[in-house]
Amino acid sequence: MSLFTLLRRNLLRHKLRNALTALAVAVALFLFCFLYSVITTLKSAVTSSSADRVVVQSAVSLFMDLPKTYTAKLAEVEGVESVARWNWFGGVYRDPSNFFAQFAVDPEIFLEQFQECVITPEERAAWLADRRGCLIGRALARKFGWKIGDTIPLIGTIYTRPAGAAWEFTVRGIYSSTKTNLDESTMWFQYEYLDEGIESGGVQGPKGVGVFYVKTKPGTGLAEITQRIDARFEGDEQRTLTQTEAAFQAGFITMLGSVPAFLSGIGGAVLFAILFSVVNTMMITARERTKELGVLQALGFRRAVGARLLLFESMLLCGIGGLAGLSLGASSEGTFREMFGTQIPGYTVEPLTLVIGVLIALAVGAAGGLFPALQARGLRVADALRAEA
Amino acid sequence: MSSSSQDRRGHITIAGVRKSYTRGTEAVTVLSGVDLEIEAGRVVALMGPSGSGKSTLLNLVGGLDHADAGRITVDTTEITALHADELAAWRSRHVGFVFQSFNLIPVLTAQENVELPLLLQPLSKAQRKEQARYALEIVGLADRAGHRPGQLSGGQEQRVAIARAIASDPTLILADEPTGDLDRTNADAVLQMLRRLADELGKTVLMVTHDNAASAFAHQTVHLDKGALAGVAHA
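Written as structure tokens, this is what we have:
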């Protein structure tokens, strides 16, 4: 027998009421876990970006292509090691709801630049040898049940074939990624396959290059190379905007506008609403126990003891609810990664998110129990003993 | 938990005690200068009509409330000079309470209820268990140690409350209408038990009661009326 025994038994006293309060906290913390993880996942693409790659796009807009001739010009800039062309393909697999990202790239250079893209030597050789071959991410393969050798038909929306015919790609490799800046829900195929179609006149679509990924030579400063590239194209056919990969990725988050702030706002509002629910529960609890608090004082316990019991009960209640919600949040990481694989690639619940969640749950518990605890602390024992049970 | 007549403690001296409350804008005098001497090891019944100040006096002696004026001394401790936390510590060592409605903690078993005040004593877990068990044996409820209050009769609940009151071996037992919620048979059993605590264990028992039969179990009956001492009768 200890005061913890009393605390524990009190928690189970009104099972339904406390279970509902804990459930409300669990739902709120589950939501927090999900929303916070969306934000951290989006941001982790920025933090895990490569320090030796820069991205070159049109200074006008990301949606404006750059001339293909820039490939060779970029390769001549001092400090540039390799240049890869990237074009957003925007194809539809059966239905627009099956959205996933597809890029036409220079395969050899792409694989050399992105060491985080892991495939077997056999897959590499097979992809390089097949003009219509493609690499798909592990998550994408899982989602659609694709395997090596399968044919993926895509209807072009930017690059259209005559009579709306489908492009056909053969899966030559299934990659995994060692870093979150390269998600596992993307399809990569040979730039030449796209270019051939455009050059032959059979395919309608823009003729330029979406962006160039440039790998810098060791010892080259990123600030220095970005300035040098932009200076090189200052008076050329089109001006360029060169950014580090991290800045380029961050630009996508900025394009989401106030979405992260909106998500944080929703999470905050829900937690605030739950706080009132906890305060309500604990105030009812404190009122019901007024006489017992008086008994504890009469037995010789200081007033602070009764107050602390209420405060810890509230924290324990929220802690249990919080842990339940966070456990659910953590265990559903895989499910959400599958569900939102293309919208939030690499969705991850970080340990820090869970730690913050536990702290929030305890803080909500402390805040919820504070007012009833202060009331209990102010109780005069003679008055408390006169209270109705 | 035993005491010989030589080392009996629990002598209460009440001198000029006054207490009033404010009800709305009106000041209501509850005790208007009470002087009383209670010998250690005696059972004293405090009687009088409702509003005569019996419970207020009991609360003041137990350190549950503060007097406006006057002094209450238990043995050598002037409790009217103690602050709230000092009073709590003093209560834990020297006072056991028995209430009309028992006031047991419903989520704790009889054994745990009796152990509760022992958490404030410098005792090991085993010692606490042992002492609580002994207190339950004294009131004849050792076989109900694992029962919760809701599983006990009113009489049994009050006996557990008495066990809780004596568990920490206090000097004083203060009982507020201890038989108020009991039938005659159980009431007599409780009164008998309180008397035994004084006679056999040397406790000073101060009991507020409306029960005329209680006088038969008391060494002394003190009558209060309108906040003043109206008479003292010795058995």
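Chain order of the listed sequences is A and B. For the first sequence, numbering that gives the first Met the number 0 assigns the number 0 to the initial residue and increments by one for each residue that follows. For the second sequence, numbering that gives the first Met the number 0 assigns the number 0 to the initial residue and increments by one for each residue that follows. Positions of the beta carbon are idealized from the N, C-alpha and C atoms, including for glycine. All figures in this text were calculated on a predicted structure; none of them were measured in a lab.
List the residues of chain B that T4 (chain A) touches, going by C-beta distances under 7 Å, in chain order. Position 5 of the first sequence holds residue 4 (chain A). Within 7 Å Cβ-Cβ: E111.
Quick one: list the residues of chain A neighbouring I104 (chain B), beta-carbon separation under 8 Å, in chain order. Indexing the second sequence from 1 puts residue 104 (chain B) at position 105. Within 8 Å of the CB of I104 (chain B), the CB atoms of chain A belong to L5, E291 and V294, in sequence order along the chain.
Under the assumption that G324 (chain A) contacts A18 (chain A) (Cβ atoms under 8 Å), give the Cβ distance between them as a whole number of angstroms. Start at 1 with the first residue of the first sequence, and residue 324 (chain A) comes out as number 325. Start at 1 with the first residue of the first sequence, and residue 18 (chain A) comes out as number 19. About 14 Å; that fails the 8 Å criterion.
Find the nearest neighbour of M338 (chain A) within the set A:V53, A:N97 and A:R8, judged by alpha-carbon distance. Position 339 of the first sequence, counted from the start, is the residue given in the question as residue 338 (chain A). Cα-wise, what sits closest to M338 (chain A) is A:N97.
Would you report the Cα separation of L262 (chain A) and E349 (chain A), rounded to the nearest angstrom? Here residue 262 (chain A) is taken as the residue at index 263 of the first sequence, counted from 1. Here residue 349 (chain A) is taken as the residue at index 350 of the first sequence, counted from 1. Each residue's Cα considered, the two are about 17 Å apart.
Identify every residue that forms a DSSP beta bridge with P152 (chain A). Translated into positions along the first sequence, residue 152 (chain A) becomes position 153. DSSP lists A:E167 as partners of P152 (chain A).
Count Cβ pairs between the stretch 61 to 72 of chain A and the stretch 198 to 213 of chain A that sit closer than 8 Å; are there 3 or more? The stretch 61 to 72 of chain A is in contact with the stretch 198 to 213 of chain A.
DSSP on H222 (chain B), reduced to helix/strand/coil? Taking the second sequence and counting its residues from 1, one reaches residue 222 (chain B) at position 223. The DSSP-derived three-state label of H222 (chain B) is strand.
Name the DSSP beta bridge partners of R17 (chain B), please? Taking the first residue of the second sequence as 1, we reach residue 17 (chain B) at position 18. By DSSP's assignment, R17 (chain B) forms a beta bridge with B:S31 and B:A68.
Measure the CB-CB distance between V29 (chain B) and S19 (chain B) and report whether it falls below 8 Å. For the purposes of this step, residue 29 (chain B) is taken as the residue at position 30 of the second sequence. For the purposes of this step, residue 19 (chain B) is taken as the residue at position 20 of the second sequence. Judged by their CB atoms, V29 (chain B) and S19 (chain B) are nearer to each other than the 8 Å cut-off.
Looking at G149 (chain B): is its Cβ nearer than 8 Å to the Cβ of P105 (chain B)? Locating residue 149 (chain B) in the second sequence gives position 150, counting from the first residue. Locating residue 105 (chain B) in the second sequence gives position 106, counting from the first residue. Yes, these two residues count as a Cβ contact at 8 Å.
Would you check if the distance between the CB atom of I71 (chain B) and the CB atom of V16 (chain B) is smaller than 8 Å? Position 72 of the second sequence, counted from the start, is the residue given in the question as residue 71 (chain B). Position 17 of the second sequence, counted from the start, is the residue given in the question as residue 16 (chain B). Yes, these two residues count as a Cβ contact at 8 Å.
State the start and end residues of the unbroken alpha helix (DSSP H) segment that holds W126 (chain A). Position 127 of the first sequence holds residue 126 (chain A). Under the DSSP assignment, W126 (chain A) falls in the alpha helix (DSSP H) whose first and last residues are P120 to A128.
If we call anything under 8 Å between Cβ atoms a contact, is L309 (chain A) one with T334 (chain A)? Numbered from its first residue, the first sequence carries residue 309 (chain A) at position 310. Numbered from its first residue, the first sequence carries residue 334 (chain A) at position 335. L309 (chain A) is not a Cβ neighbour of T334 (chain A), given a cutoff of 8 Å.
Let me make sure I understand the geometry here. Which of A:L22, A:L34, A:L15 and A:F3 has the alpha-carbon closest to that of A268 (chain A)? Sequence index remark: in the first sequence, residue 268 (chain A) carries index 269 (1-based). That would be A:L34, whose Cα lies nearest to the Cα of A268 (chain A).
Does the beta carbon of F300 (chain A) sit closer than 8 Å to a beta carbon anywhere in chain B? Position 301 of the first sequence, counted from the first residue, corresponds to residue 300 (chain A). Yes, contact with chain B.
Where the alpha helix (DSSP H) through L122 (chain B) begins and ends: Taking the second sequence and counting its residues from 1, one reaches residue 122 (chain B) at position 123. DSSP places L122 (chain B) outside any alpha helix (DSSP H), giving it a letter other than H or E.
Spatial distance of A375 (chain A) from M281 (chain A) (CA atoms): The residue given as residue 375 (chain A) occupies position 376 in the first sequence. The residue given as residue 281 (chain A) occupies position 282 in the first sequence. In this model, A375 (chain A) and M281 (chain A) are separated by some 11 Å (Cα to Cα).
Unbroken alpha helix (DSSP H) run spanning Q374 (chain A), endpoints: Within the first sequence, residue 374 (chain A) is the residue found at index 375, counting from 1. Q374 (chain A): member of the alpha helix (DSSP H) spanning P350 to R376, first to last residue.
D235 (chain A): first and last residue of the uninterrupted alpha helix (DSSP H) it sits in: Position 236 of the first sequence, counted from the start, is the residue given in the question as residue 235 (chain A). Element bounds for D235 (chain A): n/a, residue is neither H nor E.
Nearest chain A C-beta to E156 (chain B) closer than 8 Å, yes or no? Mapped onto the second sequence, residue 156 (chain B) falls at position 157. So, not an interface residue.
With a CB to CB cut of under 6 Å and the five nearest residues on each side skipped, what residues in its chain are close to T150 (chain A)? Here the question's residue 150 (chain A) lines up with position 151 in the first sequence. The residues are E167 and T169.
For I265 (chain A), does the count of other Cβ atoms within 10 angstroms reach 16, so buried, or fall short, so exposed? Mapped onto the first sequence, residue 265 (chain A) falls at position 266. Flag for I265 (chain A) reads exposed.
At which residues does the beta strand (DSSP E) containing Q112 (chain A) begin and terminate? Counted from its first residue, the first sequence places residue 112 (chain A) at position 113. Looking at the DSSP string, Q112 (chain A) is not in any beta strand (DSSP E); the run it does join, the alpha helix (DSSP H), is P106 to Q112.
Do you know offhand how far S4 (chain B)'s Cα is from G201 (chain B)'s? On the second sequence, position 5 is the one that residue 4 (chain B) refers to. On the second sequence, position 202 is the one that residue 201 (chain B) refers to. Residue confidence is low: S4 (chain B) scores 43 on pLDDT, short of 50, so the model does not pin down where it sits. No coordinate-derived value is stated.
Confirm the yes/no value for this check: CB of S214 (chain B), any heavy atom of the ligand ATP, distance under 7 Å. What this structure holds is no ligand at all, so the ligand ATP is not there to describe.
Thinking C-alpha only, which one of A:K72, A:V104 and A:Y92 is nearest R84 (chain A)? Start at 1 with the first residue of the first sequence, and residue 84 (chain A) comes out as number 85. Among A:K72, A:V104 and A:Y92, the Cα nearest to that of R84 (chain A) belongs to A:V104.
Hey, is E114 (chain B)'s beta-carbon within less than 8 Å of any beta-carbon in chain A? Numbered from its first residue, the second sequence carries residue 114 (chain B) at position 115. Taking Cβ atoms only, chain A reaches closer than 8 Å to E114 (chain B), which makes this a yes.
Q189 (chain A) and G132 (chain A) closer than 8 Å at C-beta: One-based indexing of the first sequence puts residue 189 (chain A) at position 190. One-based indexing of the first sequence puts residue 132 (chain A) at position 133. A distance below 8 Å separates the beta carbons of Q189 (chain A) and G132 (chain A).
Is any beta-carbon of chain B found at less than 8 Å from that of N9 (chain A)? For this step, residue 9 (chain A) is matched to residue 10 along the first sequence. Yes - at least one Cβ of chain B is within 8 Å of the one on N9 (chain A).
Grouping DSSP H, G and I as helix and E and B as strand, with all else coil, what is M281 (chain A)? Translated into positions along the first sequence, residue 281 (chain A) becomes position 282. Helix, per DSSP.
Give me whichever residues DSSP pairs with V54 (chain A) in a beta bridge. Taking the first residue of the first sequence as 1, we reach residue 54 (chain A) at position 55. Checking the DSSP bridge columns, you'll see V54 (chain A) partnered with A:Y212 and A:Q242.
Is the distance from the Cβ of A144 (chain B) to the Cβ of T203 (chain B) below 8 Å? For the purposes of this step, residue 144 (chain B) is taken as residue 145 along the second sequence, with counting starting at 1. For the purposes of this step, residue 203 (chain B) is taken as residue 204 along the second sequence, with counting starting at 1. No, Cβ-Cβ distance for A144 (chain B) and T203 (chain B) is not below 8 Å.
Evaluate the contact criterion for the stretch 60 to 67 of chain B versus the stretch 82 to 97 of chain B: three or more CB pairs, one atom per stretch, below 8 Å. They touch, by the three-pair rule.
Just by C-beta distance, which residues in the stretch 371 to 382 of chain A are closer than 7 Å to chain B? Cβ contacts with chain B come from V380 and A381.
Any C-beta of chain A within less than 7 Å: which residues of the stretch 26 to 56 of chain B qualify? Along the stretch 26 to 56 of chain B, there is no position whose C-beta sits under 7 Å from a C-beta of chain A.
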